[in-house]
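In order, the protein sequence lines correspond to chains A and B.
Each residue of the first sequence is one higher than the one before, starting from 1 at the first, in this note's numbering.
Each residue of the second sequence is one higher than the one before, starting from 237 at the first, in this note's numbering.
What follows is a set of notes on a single structure, which appears directly below.
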Amino acid sequence: MSGLYDITLEINRYDPDTRLSWVQTYQVEAGGILRFVDVLRKINDEQDSTLAWASSCEHAQCGSCGIIVNGKPLLACELLVRDAVEQFDTHTFRLRPLTIAPVLRDLVVDLEKAYERIHEAKPWLIKPAPLPQEGDEYRISQEKLDTYIEATQCINCFCCATACISSHHHFIGPNATMANIVRLMDPRETAKEERMDILYREDGVYRCHTSRACSFVCPKDIDVSHFLALGKEGKF
Amino acid sequence: MGEKLSIDSTLKCDVLVIGAGGAGLRAAAQIGEQRPGTKIIALTKVVSPQKSHTTTAQGGMAAVDPKDPEDRPIFHMFDTWKGSDCSADQNVIKKVCNMGWEQVVWLETHGMHFSRTEEGRIAKRPFGGHMLNFGEKKSFRACYEATRTGKGIMDTVWDECLKYGVDFIGQCIATELLFEGDRCIGAIIFRYPEGKFLAILAKATIVATGGKTRMYQVSTNCRGNTGDGLVLALNAGLPVMDLEAVQFHPTGIIGPGILASEALRGEGAILRNKDEEPFMERYAPSAKDLAPRDLISRSIITEIRGGRGIFNEAHNAHHVWLDLRHLPKEVHEKKIQEIESFFRRFAGVDPEKDLCPVTPTAHYQMGGILTNEFGEVQSDTQTIFPGLFACGEAAAASLHGLNRLGTNSLLELITMGKVTGQRVVEYLKDAKSPEKISSDAGNIVFNQFSTYLNAQGKEQFSQVRDTLRNLMMEKVGIFRSEKPLTEAIETLKELKEKAMQIQIGLTSLQTNQDLWQIWELNNLITVSMVIAQGALARKESRGAHFREDYPERRNEFNYHTLVSMPEFDKITFGKRPIDISMFDAKGERYELFDYIERKY
Chain A
1 MSGLYDITLE INRYDPDTRL SWVQTYQVEA GGILRFVDVL RKINDEQDST LAWASSCEHA
61 QCGSCGIIVN GKPLLACELL VRDAVEQFDT HTFRLRPLTI APVLRDLVVD LEKAYERIHE
121 AKPWLIKPAP LPQEGDEYRI SQEKLDTYIE ATQCINCFCC ATACISSHHH FIGPNATMAN
181 IVRLMDPRET AKEERMDILY REDGVYRCHT SRACSFVCPK DIDVSHFLAL GKEGKF
Chain B
237 MGEKLSIDST LKCDVLVIGA GGAGLRAAAQ IGEQRPGTKI IALTKVVSPQ KSHTTTAQGG
297 MAAVDPKDPE DRPIFHMFDT WKGSDCSADQ NVIKKVCNMG WEQVVWLETH GMHFSRTEEG
357 RIAKRPFGGH MLNFGEKKSF RACYEATRTG KGIMDTVWDE CLKYGVDFIG QCIATELLFE
417 GDRCIGAIIF RYPEGKFLAI LAKATIVATG GKTRMYQVST NCRGNTGDGL VLALNAGLPV
477 MDLEAVQFHP TGIIGPGILA SEALRGEGAI LRNKDEEPFM ERYAPSAKDL APRDLISRSI
537 ITEIRGGRGI FNEAHNAHHV WLDLRHLPKE VHEKKIQEIE SFFRRFAGVD PEKDLCPVTP
597 TAHYQMGGIL TNEFGEVQSD TQTIFPGLFA CGEAAAASLH GLNRLGTNSL LELITMGKVT
657 GQRVVEYLKD AKSPEKISSD AGNIVFNQFS TYLNAQGKEQ FSQVRDTLRN LMMEKVGIFR
717 SEKPLTEAIE TLKELKEKAM QIQIGLTSLQ TNQDLWQIWE LNNLITVSMV IAQGALARKE
777 SRGAHFREDY PERRNEFNYH TLVSMPEFDK ITFGKRPIDI SMFDAKGERY ELFDYIERKY
C-alpha cells in the first residue's frame, strides 16, 4: 500500500470579519495517495472546521481549487501527498491563495472577479461564417483543428495568471488572451478586426514578457506561451 | 448569533434561471436569441458557469445525422425506450430524438469544437445500447469533442449567454421558491461571499440545478451536486418523480470516484478480485467484462460483500481491481492514454505495471422535478404551476425513465433546455411583473440558518456526512430489499435529527463554509429519504432500480413514482402514467414500443 506520511501544512488564514491575517500550522497524518483536497477536508473533519478552501469537480476538469503550494500555483485536486513530498523534497508545505483576485477567506479567492477578464476577451463566436448549407456542418479539417484544439482545453483555473511575471493590473492575462486567440484561429469566426483590437489593446498580448511561466504551470499541459507567441506574430 | 436574518435587497428580472449548467444556459440562450432584450438572471453555486458539473461529461451527445444512410431517429427512439426498461415517456423520446441533429448544428454554429472526420465533418463514435435497425448492430451516433464533450457544450452555452448579456450571480444558493397563489414569482437566494439574502422577483423561473448523487460514498458528481433544486420543490409542496432510479457506473476510481470509461474493458481490461480471479466469468459467462453496467456493478458489490474485495486504508473503502497490464503497448500509448492518466494522477498507480483500484460509483439520477414535454413543472394531478419550469438532470420529463443510455444525458439537456426556453418566451407574452413578495418570504431559510448557527449538540459534521454516505451506498445503493431499506429510513430520521444539532465552527455569515455545507447536508438527507421511500415502494426491479426480494419487472408498476414531502418524512405517494403514445399511434413497428423484454 501507499503508506502514511506525517506532513506539516502552513496555511494562510484571513478572516473577513476582523480583517486579520495569520499563518496557521497543521500537522496531518495522511495516506500517500490522498490528494491535497482530501488533506484539507481531513483538517476540516478532524482539526478545524473553519479552514475555508474551494473545489468542485475534484478531478482537474473545472479549475476551482487552484492554490499556491511552496510557491507553485497548482490544482489541489491533482496533487497527491506522496508526489508532493517527492516533487518539493520536503514534508512541510506552505499553502497560499491565488494572487489574481481578492481573498474572501483563507484559501478562497473571488474568482468571479478574475473571470471578468475572460468575459472581456469575448470567448464566443462574435460573427460566425454562414454554413455551407442550412442544417449541414462546417468543413473543418482535423489538421486545422489540431492547430488550436489544445488551447480549448483551458479551464480558467488562473494558475497561469498567478505565475505570470507581468502584473495582472496591467495585463489581461495569459488565459484571457488565449481565449481570444482561439477564436482568431477558428475558421468560423469572421469578426477578426474586433478581435485584433482586443488582442493589441493597452493591456493586451504585448504586456507578456515571454517568461513562459504559464506553460510551465498549466495543469492541463497547454503550451500557453506558444499561443501567445502566435498572437504577437499575428499568425492565425 | 446576534443579528436577525433578513432580506438585504430585491432584484427584478423577466427570467430567473436557478442553476447555470448546460440545461439552464441552453434555455437562457434560447430566450436571448428568440426574445432579445429579455432581462435574465442566472444563478450558479460555483464561481462561473464554466465550473458546472456539465463540464465533466466525457463520451458524447447522441444525434442521428440525416446524412447517415443507415441510421434513423426511430432506431434511436427504440433504443431509448428499451434502455429505460419501458419506463420513459414516448412523447418526450420522440421529441428529443427528432431534435438531436438540429441541436448538434446549433452547437457547431455557436462555437463548439467537435472532433472531425477525414472529410472535415463532425465525427461520431458508437456507444452502449445505441443500435441500428431496432437492436441489430451498433450505430455511430455519438457526436463528441475528444473526451471532453461536456466541456465543449458548457463553454458554448455559457459563451452564448455572455453574448446575450445574461446577468450571472455566482457563489449563491436559491433557498426558497416564491409563489403568488399557484404562480411562481422568483426565489430567495443567499450569497456566499457577503452572506446576504436577496429576493429575486421574476416573471418566469427555471429550475436547472443538475445532478444530485453526493449522498453516496463514491460518486462521479461534483462537490456541490446536493439535490438543492429538488429540495426547493419539495419544500414548496411540489412532488418529485422517480428519485429511486440512480445509475451506478461499475468502474469509478477508488476514493474520488472518477469515471474510468468502459472503453478500457472494450480494449480488453479485466476485473479481478483480491485473489486476482477474473470474477465476471462467473456472473456473465459469455459477455464477461462487457456485460451491461448494472449487472457488472452488482457483481462487484457481490464480490466485496463476499469478502473478496480489497480494503484501501487511505480512502477507508473496499474495491476490486481492473487489470490493464496485459494490454499491448500501443493500446496503452494511443487508445486509452487519457483515461489511464486519471489512474496515474488520482490513484498513484501505473496501469502498465500495477492493478488499478475501482468501485461502482453513483453517476446519474434519472428522476427529478416532474415536467411535461415543454419543461413546465407539474403537480401530482398533472396541472401546471404558471411561471415555473425545470430542465436538465434536475428535471424528469421523462426521457430516461428508470435507466438512461450513455450520451442521452447531454442530448437531453440541450434539447429540453431549448424547448423550455421556447415555452418561457411564449409565457412571457402575457405574463405580468410580480409586484411584491409575501411578508413571510424567507422564513424557511431564516429558521434553518438560525438552527444551524445556534446548534449546541455534540454531533460532528463529518460523522453525520460519512454515516449518510455509507448508509446510502450499502442499503439504498446497487442492491436493495425491504429490510435494509426500512432500516435506512429509520437511520435517515436519526441523521436528520443529528444534522440539526451539529455545532458550527464559525457563526459569521461571510464565506462560511461550515454553514453552506450543513445546509447541503440537510438537502442530501432530504433527497436520500425520498430515494429510500421510493425504492421501498417500488416492489420490482426495473432499469437501475434492483430489488433482491423482487428481482423481476412487474406490469403493475408500469408508472412513474411521485413523492411529495413538504415536511421531512411526511410522505405522500402519487403516480403518473407512462406515456406510450408511439405504441398507441400504431405507426411503424409500433409493437416494439409496447412493454417489451429488455435483453441485450
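Think of the CB as a built atom: it goes at the ideal place given N, C-alpha and C, for glycine as much as any other residue.
The bridge partners DSSP lists for K72(A) are V69(A).
Judged by DSSP in its simplified three-state form, W755(B) adopts helix. Within the DSSP secondary-structure output, C592(B) pairs in a beta bridge with L558(B). Note that the stretch 460 to 479 of chain B does not touch the stretch 520 to 534 of chain B; fewer than 3 beta-carbon pairs, one per stretch, sit closer than 8 Å. Using a Cβ-Cβ cut-off of 7 Å, E78(A) is close to R581 of chain B, given in chain order. Under the DSSP assignment, C420(B) falls in the beta strand (DSSP E) whose first and last residues are 419 to 427.
At least one beta carbon of chain B lies nearer than 8 Å to the beta carbon of C62(A). Contact check for G653(B) against G628(B) passes: the beta carbons are separated by less than 8 Å. Here Y200(A) is exposed. Its C-beta has fewer than 16 other C-beta atoms within 10 Å. Out of R308(B), T743(B), E648(B), the CA that lies nearest to the CA of L689(B) is found in T743(B).
For F433(B), the uninterrupted beta strand (DSSP E) segment begins and ends at 432 to 443. E549, A550: these are the residues of the stretch 532 to 553 of chain B whose beta carbon lies less than 7 Å from some beta carbon of chain A, given in chain order. DSSP, reduced to helix, strand and coil, places E416(B) within a strand of the structure shown. Under the Cβ criterion of 8 Å, R427(B) is not counted among the residues facing chain A. Excluding five sequence positions before and after G741(B), the CB atoms of its chain that fall closer than 6 Å to its own CB belong to D750, given in chain order. Taking 8 Å as the threshold, the shortest C-beta distance from P16(A) to chain B falls below it. Check the Cα spacing between C592(B) and each of H599(B), R581(B), M602(B): the tightest is with R581(B). Using a CB distance below 7 Å, the part of the stretch 3 to 28 of chain A facing chain B consists of P16, D17, ordered along the chain. Counting the other Cβ atoms within 10 Å of the Cβ of Q753(B) gives 16 or more, which makes it buried. Among the residues facing chain B, V69(A) is not included, as its CB has no counterpart in that chain under 8 Å away. The shortest C-alpha to C-alpha distance from W342(B) to any of I100(A), P128(A), Q87(A) is the one to P128(A).
Rounded to whole angstroms, the separation of the alpha carbons of N12(A) and S351(B) is 43 Å.
Leaving aside the five residues that flank K811(B) on each side, the residues in its chain whose CB is nearer than 8 Å to its CB run, in chain order, Y795, H796, T797, L798. If you check the CB distance, R834(B) and D321(B) come in under 8 Å. Contacts between D395(B) and chain A, judged by CB atoms closer than 8 Å, involve P123, W124, L125 in chain order.
Under DSSP, P123(A) takes part in no beta bridge, so it has no partner. Contact check for L414(B) and I424(B): beta-carbon distance about 7 Å, within the 8 Å limit, so the pair qualifies. Inter-residue distance for Y600(B) and K448(B) is about 8 Å (C-alpha atoms, whole angstroms). For E648(B), same chain residues with a beta-carbon under 7 Å away, outside a window of 5 residues either side, are V332, L635 in chain order. Only buried fits G604(B), as 16 or more other CB atoms lie within 10 angstroms of its CB.
For C249(B), there is no enclosing alpha helix (DSSP H); the residue is part of the beta strand (DSSP E) that begins and ends at 243 to 254. Burial check for V23(A): the Cβ neighbour count within 10 Å stays below 16, so the residue is exposed. Checking the DSSP bridge columns, you'll see F93(A) partnered with L9(A). At a cut-off of 8 Å between beta carbons, I389(B) makes no contact with chain A. The three-state secondary structure of G623(B), taken from DSSP, is strand.
Residues of chain B with a Cβ closer than 7 Å to the Cβ of C160(A) do not exist, since the nearest Cβ in that chain sits about 15 Å away.
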